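Residue numbers (UniProt numbering): 1 to 127.
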């Protein structure tokens, strides 16, 4: 698929999921990285830390998901990093890098004190 088609698809999907209107998408960028996959080897953490430090110098970049963070996340962890990044764009100060830290499943107590999976939930009001 051509870059412009992927960007148009992303804009349509943003609208379908009610995250943004397709007409509000001004531009996009597609990065194609062949055979890029997280591999935990000796020195992995130090190399990823260099990338994290570099990206941390930008106020308008949010690394998310398995490939964006070069981190072997499950699908739900990857989705959670994207949701945290979206909240950051809206003014929050959340750290997507803390999702699935040390390969542990992210759990949090609910309002009743029960430990349960932390799952993405829609908080949109209206339609």
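C-beta: ideal position from N, C-alpha, C; glycine also. Computed from a predicted structure; not experimentally measured.
(message) So for residue 31, helix, strand or coil by DSSP?
(response) Mapped onto the chain shown, residue 31 falls at position 31. Assigned with DSSP and collapsed to three states, residue 31 falls in coil, not helix or strand.
(request) Return the first residue and the last residue of the alpha helix (DSSP H) that residue 62 is part of. (result) Taking the first residue of the chain shown as position 1, residue 62 is located at position 62. Here residue 62 belongs to no alpha helix (DSSP H), and DSSP marks it neither H nor E.
(request) Name the two residues that bound the continuous alpha helix (DSSP H) containing residue 77. (result) Within the chain shown, the letter at position 77 stands for residue 77. 75-89 is the span of the alpha helix (DSSP H), which, as asked, contains residue 77.
(message) Quick check: residue 12 and residue 22, are their CB atoms within less than 8 Å of each other?
(response) In the chain shown, counting from the first residue as 1, residue 12 sits at position 12. In the chain shown, counting from the first residue as 1, residue 22 sits at position 22. Between residue 12 and residue 22, the C-beta spacing is below 8 Å.
(request) Select from 47, 19 and 30 the residue whose C-alpha is nearest the C-alpha of residue 5. (result) Position 5 of the chain shown, counted from the first residue, corresponds to residue 5. Residue 30 is the option with its Cα nearest to residue 5.
(request) Measuring alpha carbon to alpha carbon, tell me which of 62, 75, 99 and 28 ends up nearest residue 91. (result) Numbered from its first residue, the chain shown carries residue 91 at position 91. Closest option to residue 91, Cα to Cα, is 62.
(request) Using 10 angstroms around the beta-carbon of residue 81, count the other beta-carbons present and answer buried if the total reaches 16, otherwise exposed. (result) Working through the chain shown from its first residue, we reach residue 81 at position 81. Residue 81 comes out buried.
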